[in-house]
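Quick notes on the structure that follows.
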Amino acid sequence: MNTCTNPTLRRWDLFCRVVDNFGDIGVCWRLARDLAANHGRDVRLWVDDWAAFAHLCPTAQAAHLADGDRECVIDGVRVKHWTPAFTATEAADVVIEAFACELPPDYLTAMTQRSPSPVWINLEYLSAEAWVKDCHGLASPHPRLPLTKYFFFPGFGAGSGGLPREPGLLAARDAFQADSAARAEWLAAHGIEVAPETLLISLFAYEQTALPALAEVWATGAQTICLLVPEGRVVGDVARAFGRAHLTAGDKVARGNLSAVVLPFSTQTDYDRLLWACDANFVRGEDSFVRAQWAGKPFVWHIYPQQDAAHRAKLDAFLDRYTHGLARAEAAALTPLWLAWNGFADGGTEAAATAWPVFARALPALHKHARRWSARLDQTRDLSSQLCEFCVRIAAERR
Numbered sequence: 000m001n002t003c004t005n006p007t008l009r010r011w012d013l014f015c016r017v018v019d020n021f022g023d024i025g026v027c028w029r030l031a032r033d034l035a036a037n038h039g040r041d042v043r044l045w046v047d048d049w050a051a052f053a054h055l056c057p058t059a060q061a062a063h064l065a066d067g068d069r070e071c072v073i074d075g076v077r078v079k080h081w082t083p084a085f086t087a088t089e090a091a092d093v094v095i096e097a098f099a100c101e102l103p104p105d106y107l108t109a110m111t112q113r114s115p116s117p118v119w120i121n122l123e124y125l126s127a128e129a130w131v132k133d134c135h136g137l138a139s140p141h142p143r144l145p146l147t148k149y150f151f152f153p154g155f156g157a158g159s160g161g162l163p164r165e166p167g168l169l170a171a172r173d174a175f176q177a178d179s180a181a182r183a184e185w186l187a188a189h190g191i192e193v194a195p196e197t198l199l200i201s202l203f204a205y206e207q208t209a210l211p212a213l214a215e216v217w218a219t220g221a222q223t224i225c226l227l228v229p230e231g232r233v234v235g236d237v238a239r240a241f242g243r244a245h246l247t248a249g250d251k252v253a254r255g256n257l258s259a260v261v262l263p264f265s266t267q268t269d270y271d272r273l274l275w276a277c278d279a280n281f282v283r284g285e286d287s288f289v290r291a292q293w294a295g296k297p298f299v300w301h302i303y304p305q306q307d308a309a310h311r312a313k314l315d316a317f318l319d320r321y322t323h324g325l326a327r328a329e330a331a332a333l334t335p336l337w338l339a340w341n342g343f344a345d346g347g348t349e350a351a352a353t354a355w356p357v358f359a360r361a362l363p364a365l366h367k368h369a370r371r372w373s374a375r376l377d378q379t380r381d382l383s384s385q386l387c388e389f390c391v392r393i394a395a396e397r398r
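Using numbering that gives the first Met the number 0, you'd call the opening residue of the sequence shown number 0 and step up by one each time.
Take a look at the structure:
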């Protein structure tokens with residue numbers, strides 16, 4: 000149990016509005032579980048898209064109350080369905096508004112009726128951009144109500160709120176990766192049978208026009224490759240790369256030296272093991288992006304696309320940070336594939352296919368770099384611990 004405790008800040012409400020399938024709820028669900036399990040907090044997680052949450056937690060699929068409102072308790076977290084008909088409830092000691100989702104008006108009113116008022120946190124999206132350290136922790140008084148919101152930015156080093164990382168994560172990863180029998184058992188349990196020399200790649204991405212050309216390179220290359228594809232938005236592109244109209248969980252397809260297995264959407268714990276078991280990981284958004292870094296394996300990030308390519312600055316900021324100290328040859332192998340995968344390279348949909356062979360040759364060196372990177376990140380205190388301490392400090396300053 001974390002020693003950062005304060006009896007006046009025991010009850011926490013975390014509000015999550017699902018924007019992109021699983022990214023927002025993935026981050027919030029991981030944070031809620033960590034706060035409950037490792038920091039002794041009584042957490043209510045309010046989520047507007049129950050179906051998205053149920054993908055992460057199948058137990059939630061059947062959970063409901065007599066009046067139709069869904070609710071369940073999983074891993075010590077009370078999860079409630081945030082509906083348009085939200086009714087007033089007593090405000091918690093700490094209120095987290097995830098990703099500027101805007102709290103229900105009735106709940107804001109309830110916050111004003113508490114004395115002292117709750118510590119109100121706007122949990123922001125993760126970014127490696129330099130401006131984050133200047134905005135982290137800033138206060139924003141409400142224009143009408145006697146409430147103040149504080150901006151809390153996850154990040155990659157000093158001046159940020161850190162990254163989600165539960166206790167014992169890297170030790171569990173190292174034990175799994177050092178045990179070839181455990182890896183083989185995990186693969187077999189998921190119906191994955193491959194030769195020892197096969198390169199295992201997990202593929203979790205948004206729709207990806209670069210995939211057909213890249214799949215052609217994989218299929219015709221000398222290296223046998225198996226794609227492990229969790230259910231999601233890229234599965235349609237995988238199907239087309241294999242000449243299929245569609246694929247569903249459990250399907251296995253092959254073409255030349257390339258094969259693919261479509262996996263059912265998994266729990267977060269099982270997804271970690273998928274990342275640990277693979278030789279390289281294609282990830283997307285925020286939650287899987289962070290977990291790929293903790294996996295200590297080479298990875299390729301498909302950043303969430305924004306209008307007018309606003310996400311390019313965010314991608315470049317992370318690439319600059321991630322490749323700092325990396326040998327020039329390895330950085331030159333990694334960067335073109337990342338840019339191509341995100342549509343920022345010359346050559347259009349063929350660019351990723353062109354970049355892959357150089358990336359593949361650099362995999363041993365990139366693996367060592369990925370391990371060093373995760374060890375470096377481990378030196379920064381985790382998100383939940385920093386968040387708890389920040390809220391305790393704010394509460395003390397207001398007394």
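Backbone N, C-alpha and C fix where the C-beta goes; we use that ideal spot for every residue, glycine too.
Quantities reported herein were computed from a predicted structural model and do not represent experimental measurements.
Buried versus exposed, by CB contacts within 10 Å (16 or more), residue i
i	result
H323	exposed
R327	exposed
S383	buried
G161	buried
L64	With a pLDDT of only 48 at L64, under 50, the local geometry of the prediction cannot be trusted, and no value is derived from it.
V72	exposed
W275	buried
T86	exposed
C277	buried
A177	exposed
G295	buried
W49	buried
G347	exposed
G22	buried
G190	exposed
S139	exposed
A395	exposed
Nearest neighbour of residue i, chosen from the options [CA to CA]
i	options	result
H80	S114, C15, A374 and D236	C15
A157	V17, G242, A127 and A51	A127
G255	A240, Q267 and S265	A240
L168	G190, Q267 and E285	Q267
N37	R9, D178 and C134	R9
W11	G39, I24, V18 and V17	G39
T88	G22, P297, T108 and G75	T108
V18	L44, E184, R272 and G284	G284
V233	A221, V357 and E206	E206
A35	L318, R77 and G231	R77
S159	L122, W45 and K132	K132
C134	D47, R360, L122 and D269	L122
N280	D286, K148 and P297	P297
A364	A330, W340 and W293	A330
Secondary structure of residue i, DSSP reduced to three states
i	result
I302	coil
H135	coil
R232	coil
N341	coil
H323	coil
F152	coil
I191	coil
C225	strand
F14	strand
T2	Confidence is the limiting factor: at T2 the pLDDT is only 44, short of 50, which leaves the residue's position unreliable, though a coordinate-based value still follows. Reduced to three states, the DSSP call for T2 is coil.
S265	coil
D313	Reading the sequence as shown, one finds Lys at residue 313 and not Asp. In this structure, K313 counts as helix in the three-state DSSP scheme.
F52	helix
A65	For A65, the predicted structure reports a pLDDT of 42, less than 50, and the residue's modelled location is therefore unreliable. The matter cannot be settled from this model.
L8	helix
W130	coil
T348	helix
T147	strand
L246	coil
A354	helix
Residue span of the alpha helix (DSSP H) that contains residue i, given as start and end
i	result
E215	L210 to T219
D23	G22 to H38
S383	L382 to E396
R370	L362 to L376
W293	D286 to A294
L169	L168 to A177
Extent of the continuous beta strand (DSSP E) run through residue i
i	result
R254	K251 to R254
A97	V93 to A97
H80	V76 to H80
F281	A279 to R283
D41	D41 to V46
L107	Note, L107: premise wrong, no beta strand (DSSP E); alpha helix (DSSP H) at P104 to T111.
Minimum Cβ-Cβ distance from residue i to chain C less than 8 Å
i	result
A99	Protein chain content of the structure displayed is limited to a single chain, and chain C is not contained in it.
Q) Between the stretch 224 to 240 and the stretch 256 to 266, do three or more beta carbon pairs fall short of 8 Å? A) yes
Q: Decide if the stretch 209 to 221 is in contact with the stretch 348 to 358; the criterion is three or more beta carbon pairs, one per stretch, under 8 Å apart.
A: yes
(Q) Between the stretch 90 to 98 and the stretch 17 to 35, can you find at least three pairs of beta-carbon atoms closer than 8 Å? (A) yes
Q. Would the stretch 144 to 155 and the stretch 118 to 126 be scored as touching if the rule is three or more Cβ pairs under 8 Å?
A. Yes: at least three Cβ pairs fall under 8 Å.
**Q.** Contact the stretch 100 to 108 vs the stretch 50 to 60: 3+ CB pairs below 8 Å
**A.** no
Q) Do the stretch 242 to 255 and the stretch 170 to 177 meet, that is, are 3 or more Cβ pairs less than 8 Å apart? A) Here the stretch 242 to 255 does not lie against the stretch 170 to 177, with fewer than 3 beta-carbon pairs under 8 Å apart.
Q. Are the stretch 180 to 188 and the stretch 292 to 311 touching by the rule of at least three beta carbon pairs closer than 8 Å?
A. Between the stretch 180 to 188 and the stretch 292 to 311, the count of C-beta pairs closer than 8 Å stays below three; the two stretches do not touch.
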